[in-house]
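Below is one structure, written out as structure tokens, with a few remarks after it.
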Amino acid sequence: MKRHVMGIDFGSTTAKCVILDMKGNIVADSVAHMGAVSGEGVKAAIRDTLDKAGLEQADMGRTVSTGYGRRMLDEADKNYTEITCHARGAVAMVPGARLVIDIGGQDSKVISVDSNGLVAQFAMNDRCAAGTGKFLEVLARAVEIDLESLGDTALEAKEKLKISSMCATFAETEVISLLAEGYAKTDVLGAVHAAIAARTLGLVGRVGKNGPVVMTGGVAKNPAAVKYIQDALGMPLHLPHKPQIAGALGAALLGLDDYRKQTAYVISEEEDMAHEDQMAQDKACIPGCRGTPELVVDPAEAKPAPRKGGLKSILSTLQDNL
Amino acid sequence: MDRSDIIARFAEVAQDPLAYAAAWKARTGKQVIGSFPMNFPGELAHAADTLPMILQESDEAITVGHGVLFPFYCGYTRSMVDQAASGKFDVLDAIMFGDHCVQLLGAADAIRMKLTDTRVIFFQLISSMCDPWTQGRSEESFGKLRDELEDFIGAKVSDAALHASIRLFNKNRALIRKLYEMRKAGTAAIRAVEMQHVVKSSMIMDKAEHTDLLQELVASYTDAPAADRNVRLHLSGHFCQAPKPELLNMIESCGVTVVGDDLYHGFRYISTDVPETGDPVAGLARWYMDRNTGVPCPTRVQNNVDWEAYLLDAMREEKADGMIVLMAKFCEPHMYYYPEVKEAFEGAGVPHLLIETEHEGMAMEGLKTRVETFVEIVKRREAA
Ligand code: SF4
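Keeping their order, the protein sequence lines are chains A and B.
Quick note on the numbering used here: the first sequence kicks off at 1173 and runs consecutively.
Quick note on the numbering used here: the second sequence kicks off at 115 and runs consecutively.
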């Protein structure tokens, strides 16, 4: 019997691949840049993951793909949308998560997850690249700064400026005129990130604000994006160590469900315990996750105690005494 | 003709309605009357020996029409004005409007301004449906329309002719309803786009010609119920314009079988018959009122019917697993009503997905991801 499954996220700017063993542990993962159209990036990600795991494609019991190119992969037995996969991956990384914010290269999505970890509602940027990694990329170019240092520079912003256009091209014009007016690069970049946060908050509004919130996708690695979104939401964001692989992990987990069912694989109690211990050690489901494993109730979200003497308080006293 | 030929013929007419009208006119030497949706009694124009056709949104980009109507009008009205301004409606001898929403009224004015040589007939449709005077006022309105038509053709429209047209239109509607029944029961695998071709061509073609083909089409389905593992969905919304065929095809390509709809280019158009006896004008007024209890429309005001309750009921009967709402951008009646539908569906735990459509086209790949996700949600919820 084959003892591994693979998840591939064939995105617009990067390709991600994850291999899991039958217990659901990550054996290897990889992120490769570009080549989405030619398929080179995805091939490299698959090869790299297989090499790291010391396995071959033929060793995979199930291969599931997701992302824009999900239907283009011969290796995949099945494909699911990035929304289903990101939700599944993010909930595995931060158990109990109820909202997933995923900002990738060309799309951003907000997914609300019910108490069973299933997608309840979702919203995507359906008009343009506003509020995506592409938006940041275009504006980084306008400010002449490389993408990697974009977030740190924006964190130094002191003055609050506003970029009102959501279209990347128009926003670029705004950025250039702000710079021409003599505003500091740091402040202009702060405004760019505030614009992304506002756009994200708009998507959150469409599905309903709920916590705990996980942020995945490449933009989760940008500290300024995280800070501004966190401030706009008024809630903490849980950040997995490898936010980019959430979709591939979700795809692999869906494949694992399927493969376990097909092979009637039953996880032994011992294995399950070992897995739980490992999770506790790693403080998450995936090694090195920076997220908070316990369900954190955001203070702003916590229900206030019923007003003393009010109807709700009387009812709850009655209920407690029944 | 075999089944695929009939559907191909319907599709051809649906894709180029004005070409059909021009050919019909050349063949018969008779007049063509274009009308706006959604409540025009085509029976009246038919009884006046003209070809009534419901004017259709065109696929063409809006060009000269931009100078006449603002871009925040719905795609249907903008397309109507653009077609009028670019001379596409020259084949029409008259155009008839019933006021059913503010945007349509704006478009009517713009068309009047552009087509100074075309007879434009306007009739008032009462929108408050459950007042004691609704029937009377509707009779008055349809009566006036009959007078205007008689004036336009220069002859009387007899009750007998009107009754004959009513019978023919009823027969046509009943045949299409039969197709809906068969699709629901799984005995006729009619794709959503094929159903649209059937209904849309019925809005355009000579009714007798359409009915003959339709009879053949209905008889061609002798299939036994087929097992189908797709997700069963209801399509709701889209009033005046037909959803783009590529959108319907995309939806079905995501593992979906459309088992019912309340689209105007669908069940809404053929839901209700006109009484075949009694005063025909009173019958048309009755039909106008019954249509809103049959398939409620958010452009009408009727306190004792709820569109959302109708939808939930229809879906139970269709054994639909979920619903896709197709909302034309800037369609105000739909936009303002949708929150009620959303609340009712969420309350009932019935999944639905809202898709806003645009005349200018949509990013199909992103939409496909949304529909596929919706299908995955419906499937996983059922499995859970
Ligand atoms: S009902 Fe909607 S689609 Fe029809 S004319 Fe009015 S706004 Fe346009």
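We treat Cβ as the ideally placed atom computed from N, Cα and C, and that holds for glycine.
Since the structure is predicted, the reported quantities are computational estimates derived from the model, not experimental observations.
Go through its chain and collect everything with a Cβ distance to residue 296/B's Cβ below 7 angstroms, but skip five positions before and after it.
-> 302 and 335
Give the residues from the stretch 1268-1295 of chain A that approach chain B closer than 7 angstroms (Cβ to any Cβ), ordered along the chain.
-> 1288, 1290, 1291 and 1294
Is residue 1311/A buried or exposed, if buried means 16 or more other CB atoms sit within 10 Å of its CB?
-> buried
With 8 angstroms as the limit, tell me which residues of the stretch 474-488 of chain B have their beta carbon closer than that to any beta carbon of chain A; keep them in chain order.
-> 477, 479, 480, 481, 483, 484, 486 and 487
For the stretch 464-476 of chain B and the stretch 1228-1245 of chain A, state whether three or more C-beta atom pairs, one from each stretch, are separated by less than 8 angstroms.
-> no
Report yes if the C-beta distance between residue 158/B and residue 305/B is below 7 angstroms; otherwise report no.
-> no
Got a sec: does the ligand SF4 put a non-hydrogen atom nearer than 6 angstroms to the Cβ of residue 124/B?
-> no
Do we get a CB-CB distance below 7 angstroms when we pair residue 1186/A with the residues of chain D?
-> The displayed structure is made up of protein chains A and B, and chain D is not among them.
Since residue 1252/A meets chain B, which of its residues come closer than 9 angstroms, beta carbon to beta carbon?
-> 486, 487 and 490
When the Cα atoms are used, what is the spatial distance from residue 240/B to residue 347/B?
-> 33 angstroms
For residue 498/B, which residues in chain A fall below 8 angstroms Cβ to Cβ?
-> 1288 and 1290
Backbone secondary structure at residue 498/B - three-state DSSP = coil
Return the CA-CA distance between residue 354/B and residue 152/B, expressed in angstroms with no decimal places.
-> 7 angstroms
Does the Cβ-Cβ distance between residue 1233/A and residue 1177/A come in under 7 angstroms?
-> yes
Any heavy atom of the ligand SF4 within a distance shorter than 6 angstroms of the CB on residue 354/B?
-> yes
Would the beta-carbon of residue 267/B fall within 7 angstroms of that of residue 127/B?
-> no
Does the Cβ-Cβ distance between residue 1397/A and residue 1261/A come in under 7 angstroms?
-> no
Spell out whether any CB of chain A is found under 7 angstroms from the CB atom of residue 297/B.
-> no
To the nearest angstrom, report how far apart residue 309/B and residue 1273/A are at their CA atoms.
-> 39 angstroms
Within the same chain, show all residues whose beta-carbon is closer than 7 angstroms to that of residue 320/B, passing over the 5 residues directly before and after it, in chain order.
-> 138 and 165
Identify which residue in 299/B, 316/B, 421/B and 365/B has its Cα closest to the Cα of residue 457/B.
-> 421/B
Length-filtered (4 minimum) alpha helix (DSSP H) runs lying within the stretch 150-191 of chain B | 156-161
Just grab the DSSP bridge partners of residue 1294/A for me.
-> 1283/A
If you draw a straight line from the C-alpha of residue 311/B to the C-alpha of residue 1223/A, how long is it?
-> 54 angstroms
Is residue 224/B near the ligand SF4, in the sense that its beta carbon is under 6 angstroms from a heavy atom of that ligand?
-> no
Between residue 510/B and residue 284/B, what straight-line distance do the alpha-carbon atoms span, to the nearest angstrom?
-> No statement about residue 510/B is possible, as the shown extent of chain B runs from 115 to 498 and does not include it.
The stretch 464-471 of chain B touching the stretch 371-388 of chain B, judged by at least three CB pairs closer than 8 angstroms | no
Cβ contact check for the stretch 1306-1321 of chain A and the stretch 1340-1347 of chain A: 3 or more pairs under 8 angstroms = yes
Would you mind giving the Cβ-Cβ distance between residue 293/B and residue 332/B, rounded to the nearest angstrom? I have them listed as a contact below 8 angstroms.
-> 6 angstroms
Is residue 291/B close to chain A, meaning its C-beta is less than 7 angstroms from at least one C-beta of that chain?
-> no
Taking residue 1249/A and residue 1238/A to be in contact with their CB atoms under 8 angstroms, please state how far apart those CB atoms are, rounded to whole angstroms.
-> Not quite, the Cβ-Cβ distance comes to about 13 angstroms (not below 8 angstroms), so this is no contact.
Does the beta carbon of residue 411/B fall short of 6 angstroms from some heavy atom of the ligand SF4?
-> no
Got a sec: which bits of the stretch 206-238 of chain B sit with their beta carbon under 7 angstroms from any beta carbon on chain A, in order along the chain?
-> none
If you compare alpha carbons, which of 1218/A, 1391/A, 1407/A and 1375/A is closest to residue 1277/A?
-> 1391/A
Roughly how many whole angstroms lie between the Cα atoms of residue 1374/A and residue 1402/A?
-> 14 angstroms
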